[in-house]
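Visitor:
Residue numbers (the numbering used here), protein chains in the order written: chain V, 193 to 642; chain H, 918 to 1289.
1) Using a Cβ distance threshold of 8 Å, determine whether the stretch 1053 to 1069 of chain H contacts the stretch 1151 to 1171 of chain H, with at least three qualifying pairs required.
2) Rounded to whole angstroms, what's the CA-CA distance from residue 435 of chain V to residue 478 of chain V? Just pull it up for me.
3) Go ahead and pull the three-state DSSP assignment for residue 232 of chain V.
4) For residue 564 of chain V, which residues in chain H fall below 9 Å Cβ to Cβ?
5) If we require 3 or more residues per run, which beta strand (DSSP E) segments fall completely within the stretch 1076 to 1121 of chain H?
6) Give the residues from the stretch 1246 to 1272 of chain H that approach chain V closer than 9 Å (Cβ to any Cβ), ordered along the chain.
7) Just to check my reading of the structure: residue 1024 of chain H and residue 1077 of chain H have Cβ atoms closer than 8 Å, yes? What is that Cβ distance to the nearest angstrom?
8) Runs of 4 residues minimum, wholly inside the stretch 427 to 460 of chain V: which ones carry the alpha helix (DSSP H) assignment?
9) Could you compute how far the alpha carbon of residue 1034 of chain H sits from the alpha carbon of residue 966 of chain H?
10) Taking Cβ positions, are residue 514 of chain V and residue 550 of chain V nearer each other than 9 Å?
11) Exposed or buried, residue 517 of chain V, counting other C-beta atoms within 10 Å across all chains shown (16 or more means buried)?
12) Using a cut-off of 9 Å between C-beta atoms, extract the partners of residue 1061 of chain H located in chain V.
13) Can you grab the Cα-Cα spacing for the pair residue 929 of chain H / residue 1243 of chain H, in whole Å?
14) Of the residues that make up the stretch 1095 to 1121 of chain H, which ones have a beta carbon closer than 8 Å to any beta carbon in chain V?
15) Any beta carbon of chain H sitting closer than 9 Å to that of residue 558 of chain V?
16) Can you give me the C-alpha to C-alpha distance between residue 408 of chain V and residue 1220 of chain H, rounded to a whole angstrom?
17) Give the straight-line distance between the Cα atoms of residue 964 of chain H and residue 1199 of chain H, rounded to the nearest whole angstrom.
18) Compute the Euclidean distance between the alpha carbons of residue 1118 of chain H and residue 286 of chain V, then round it to the nearest angstrom.
19) Based on the DSSP output, what are the partners of residue 1182 of chain H in its beta bridges?
20) Please report how far the alpha carbon of residue 1250 of chain H lies from the alpha carbon of residue 1044 of chain H, in whole angstroms.
21) Contact check, residue 1269 of chain H vs residue 1170 of chain H under 8 Å by CB: the rounded distance?
22) Give the interface partners of residue 1170 of chain H over in chain V, defined as CB-CB distance under 7 Å, in chain order.
23) According to the neighbour-count rule (16 or more other Cβ atoms, all chains shown, within 10 Å of its Cβ), is residue 1106 of chain H buried or exposed?
24) Tell me the rounded alpha-carbon separation between residue 1267 of chain H and residue 1286 of chain H.
25) Going by beta carbon distance, what residues of the same chain come within less than 8 Å of residue 1143 of chain H, once the five residues before and after it are set aside?
26) What do you get for residue 242 of chain V, buried or exposed, if any count of 16 or more other CB atoms within 10 angstroms of its CB means buried?
27) I'd like the list of long-range same chain contacts for residue 982 of chain H, defined as Cβ closer than 7 Å, with 5 residues on each side in sequence excluded.
28) Could you run through the stretch 1068 to 1091 of chain H and flag, in chain order, every residue whose CB is less than 9 Å away from some CB of chain C?
29) Assuming residue 314 of chain V contacts residue 273 of chain V under a Cβ cut-off of 8 Å, what Cβ separation, rounded to an integer in Å, is found between them?
30) Have a look at residue 925 of chain H and residue 1046 of chain H and give me their C-alpha separation to the nearest angstrom.
31) For residue 560 of chain V, count neighbouring C-beta atoms within 10 Å of its own C-beta (all shown protein chains included) and say buried if the count is 16 or more, exposed if not.
32) How should residue 240 of chain V be labelled, buried or exposed, when 16 other C-beta atoms within 10 angstroms of its C-beta is the threshold for buried?
33) Under 7 Å Cβ-Cβ, which residues of chain V neighbour residue 1200 of chain H?
34) Check residue 196 of chain V in the structure and name its three-state DSSP category.
35) How big is the Cα-Cα spacing for residue 266 of chain V and residue 284 of chain V?
36) Is any beta-carbon of chain V found at less than 9 Å from that of residue 987 of chain H?
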């Protein structure tokens, strides 16, 4: 394989050491031919002819949730750690020790525990992870303003033109960045460096964990030749099936067909396939990518069949979604409700609102009939293990929740919600809420006045 | 049953009947039309269990009797027969089929037993009044564009018909709204209409009603109960269930204190709105009205398309105001105004605006502004 960057063994299109390199550990420049870093003595030398000219990077944290948990509890350092719902639910992240046993994310927890019975299972703490993720993004933005987050723990970075500012090549700045993340935040990350987003994302996966891999123009096509088509971003299950049926298994095979033919056969994605197969990707790193939908879901500790009980669980999710909508100044038009039965069958129902909303009340009012429809679509007596609700089809927040001629009280409800939000902003989430949020006495009682 | 009927007569009746019948039916009998021939006439009936139509047309009945046959198929057959054809229909009880003959064409259709055909009982209709076809057409046309299609608010999926008091006189009022616009049209209360309950006539019934009005000039008798409406035309009777819900208290949303009157030439205004809205974004269709003394500037901008503006001479002598509307709603409303002048009664950029026909007090429209 003509991919450069792994320190052991270091593979390049030319014998190792033909170009000056960088130390993966301390970012020092290394003269051509050196086997160890003259500055720190480490053996991880990055050497690639194009190392100084490539500037599009993809950074992906290694087993992020699990790494954060290990950081916070050093006693877990050498033990397998799985983050996810306990007996139920799925694996959100597995540390590398657990991965050796075959555990991977999105695997049902019972299966993961069969493979790795001695694993420590930790309930995900999303608030903590997003705080750490934000911290990492802040560090990224210190080396370039062009940071496009893909999720909580990965992002594209465009370092074009930063050489003079940092007095260092993009590769060097990136090594310093991941070292800083490791030092200051305590989690490791892998870097993929190339000349576009498509290849950078593929590269970051080559050398995980704590990796640094480079795909240059010189070897991009050779690298892509044997890569399965499923590795292309945007090739999901159904397209993969279609491509396989058409005899296209590798990216190299796609390259044999011209763009017009691929577009005719596969639609707009056909064009992307064609360009990608030639190692081309003109998408720029967009720093302000807005999500396409926002949702929130919860898995119950015990399956629920009662529609009213399900509706009760729906309300706090609606509040969560709309809180995030308000925080990001978004409004959505399409409401989607999701239910998962105890048989793991997922049911979703969607509804387009007459006007975009960011109000919890409006979302809830629209989601309840969807819940009823979803329950009706399931075999009678079904129990459910998960409920979720989301908003998508985002619109200009100026158009959100307009006054309604058919609902003279709409404006009143909008003001009520604004007041609740204000009180919560000052006194915290539990300070005030709507009556329906009281659940079987679980709500904390306000302390009695002396 | 054995009878002969003129193709054009049969087709017209079948056209009414087949549009009541749903295209997809889980209950087979609901896909069928009930045909009943006796005393020189043929009665066709169809229902979707919410709406029923009965239409009686002249025919040469050789043998009395009745049957049911697939409505859409029968309609398609008769539609494809040549103009002027005499259609002969005959039941074959033994084979359970309906025979259709016209010229050299012959069809055998499967039938279902007449006993299975559901009757939608009219029940007792305590209120009866009569409207001229033209009056009913006005009530329907001027309101139905504002009927909502939003399923969750089913009580908006129809026209709210009720008795109201307008400055001491009793009026028959039709109101429809989808939350963005509201249409209110009224007529002097016809005899027998006093004391009618407020009823919501569903959209499908309105659509069928509208087709039948188109083909008649005779007065239409309307009978009402709390749950049903029956409309009797010369040949046809339409019976519909009413929407079981409460129409919102629309009076609360009709502004009382708007005082800035903008008068526009209806035709010129509609054309300008149509032109400028070409640029509006597909989703919002927003258009901005900047009104100043004697002049109105319409404009639209969209991130994808660009921008457009057009100026119009208008009659206005209040303070300047900028207000946004959905251009499609503006066009829907101006299309209902028959006078040359349309009047906008404005308050401010965020309050509902009244639109009315300057020569006609009977119709009133309320339009929600959009933020632009």
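For every residue, glycine included, the Cβ atom is placed at its ideal position computed from N, Cα and C.
Guide: A quick look at the data gives this:
1) no
2) Within the first chain, the letter at position 243 stands for residue 435 of chain V. Within the first chain, the letter at position 286 stands for residue 478 of chain V. Spanning the two alpha carbons is a distance of roughly 30 Å.
3) If you number the first chain from 1, residue 232 of chain V lands on position 40. Coil at residue 232 of chain V, not helix or strand.
4) As a working mapping, residue 564 of chain V is identified with position 372 in the first chain. Neighbours of residue 564 of chain V on chain H: none; closest Cβ ~11 Å, over 9 Å.
5) 1086 to 1094, 1098 to 1105 and 1116 to 1119
6) 1267, 1268 and 1269
7) Locating residue 1024 of chain H in the second chain gives position 107, counting from the first residue. Locating residue 1077 of chain H in the second chain gives position 160, counting from the first residue. Not really, about 44 Å apart at Cβ, beyond 8 Å.
8) 429 to 437, 443 to 447 and 451 to 458
9) Within the second chain, numbered from 1, the residue matching residue 1034 of chain H stands at position 117. Within the second chain, numbered from 1, the residue matching residue 966 of chain H stands at position 49. The alpha-carbon atoms of residue 1034 of chain H and residue 966 of chain H are separated by roughly 11 Å.
10) Position 322 of the first chain, counted from the start, is the residue given in the question as residue 514 of chain V. Position 358 of the first chain, counted from the start, is the residue given in the question as residue 550 of chain V. Closer than 9 Å, so yes.
11) Mapped onto the first chain, residue 517 of chain V falls at position 325. Buried: at least 16 other Cβ atoms inside 10 Å.
12) By 1-based counting over the second chain, the position of residue 1061 of chain H is 144. Residues of chain V passing the Cβ test: none, with the nearest at roughly 15 Å.
13) Start at 1 with the first residue of the second chain, and residue 929 of chain H comes out as number 12. Start at 1 with the first residue of the second chain, and residue 1243 of chain H comes out as number 326. Cα to Cα, the separation comes out at about 38 Å.
14) 1095, 1096, 1097, 1098 and 1099
15) Working through the first chain from its first residue, we reach residue 558 of chain V at position 366. Chain H, which has a Cβ nearer than 9 Å to the Cβ of residue 558 of chain V, makes this yes.
16) Counting from 1 along the first chain, the entry for residue 408 of chain V is found at position 216. Counting from 1 along the second chain, the entry for residue 1220 of chain H is found at position 303. Cα-Cα distance, rounded: 37 Å.
17) Translated into the one-based positions of the second chain, residue 964 of chain H becomes position 47. Translated into the one-based positions of the second chain, residue 1199 of chain H becomes position 282. Approximately 38 Å between the Cα atoms of the pair.
18) Residue 1118 of chain H sits at position 201 when you count from the first residue of the second chain. Residue 286 of chain V sits at position 94 when you count from the first residue of the first chain. If you take the alpha carbons of residue 1118 of chain H and residue 286 of chain V, they lie about 60 Å apart.
19) Start at 1 with the first residue of the second chain, and residue 1182 of chain H comes out as number 265. For residue 1182 of chain H, which the question treats as bridged, DSSP gives the partners H/1258.
20) Numbered from 1 along the second chain, position 333 holds the residue referred to as residue 1250 of chain H. Numbered from 1 along the second chain, position 127 holds the residue referred to as residue 1044 of chain H. Residue 1250 of chain H and residue 1044 of chain H: Cα-Cα distance of roughly 32 Å.
21) The residue you call residue 1269 of chain H lines up with position 352 of the second chain. The residue you call residue 1170 of chain H lines up with position 253 of the second chain. About 6 Å separates the two Cβ atoms, so the contact holds.
22) Within the second chain, residue 1170 of chain H is the residue found at index 253, counting from 1. Within chain V, the residues near residue 1170 of chain H are 597 and 600.
23) For the purposes of this step, residue 1106 of chain H is taken as the residue at position 189 of the second chain. Classification of residue 1106 of chain H: buried, given that the 10 Å Cβ count is 16 or more.
24) To locate residue 1267 of chain H, count along the second chain from 1; it is residue 350. To locate residue 1286 of chain H, count along the second chain from 1; it is residue 369. Taking the straight line joining both Cα atoms gives about 6 Å.
25) The residue given as residue 1143 of chain H occupies position 226 in the second chain. Cβ neighbours of residue 1143 of chain H beyond the five flanking positions: 1114, 1116 and 1159.
26) The count along the first chain starts at 1 and reaches residue 242 of chain V at position 50. Label assigned to residue 242 of chain V: buried.
27) The count along the second chain starts at 1 and reaches residue 982 of chain H at position 65. Here the set comprises 918, 954 and 1008.
28) Within the model displayed, chain C is absent; protein chains V and H are what it includes.
29) What you label residue 314 of chain V is simply residue 122 of the first chain in a count that begins at 1. What you label residue 273 of chain V is simply residue 81 of the first chain in a count that begins at 1. Residue 314 of chain V to residue 273 of chain V, Cβ: 6 Å. Contact.
30) Locating residue 925 of chain H in the second chain gives position 8, where the first residue counts as 1. Locating residue 1046 of chain H in the second chain gives position 129, where the first residue counts as 1. Straight-line Cα distance between these residues: approximately 31 Å.
31) Locating residue 560 of chain V in the first chain gives position 368, where the first residue counts as 1. Buried.
32) Locating residue 240 of chain V in the first chain gives position 48, counting from the first residue. With 16 or more other Cβ atoms within 10 Å, it is buried.
33) Your numbering for residue 1200 of chain H matches position 283 in the second chain. By Cβ distance, chain V contributes 587.
34) Working through the first chain from its first residue, we reach residue 196 of chain V at position 4. Here the model assigns residue 196 of chain V a pLDDT of 45, short of 50, so the residue's position is not dependable and the matter cannot be decided.
35) On the first chain, residue 266 of chain V is found 74 positions in, with the first residue counted as 1. On the first chain, residue 284 of chain V is found 92 positions in, with the first residue counted as 1. In a straight line, the C-alpha of residue 266 of chain V is about 20 Å away from that of residue 284 of chain V.
36) Here residue 987 of chain H refers to the residue found at position 70 of the second chain. Cβ-Cβ to chain V under 9 Å: no for residue 987 of chain H.
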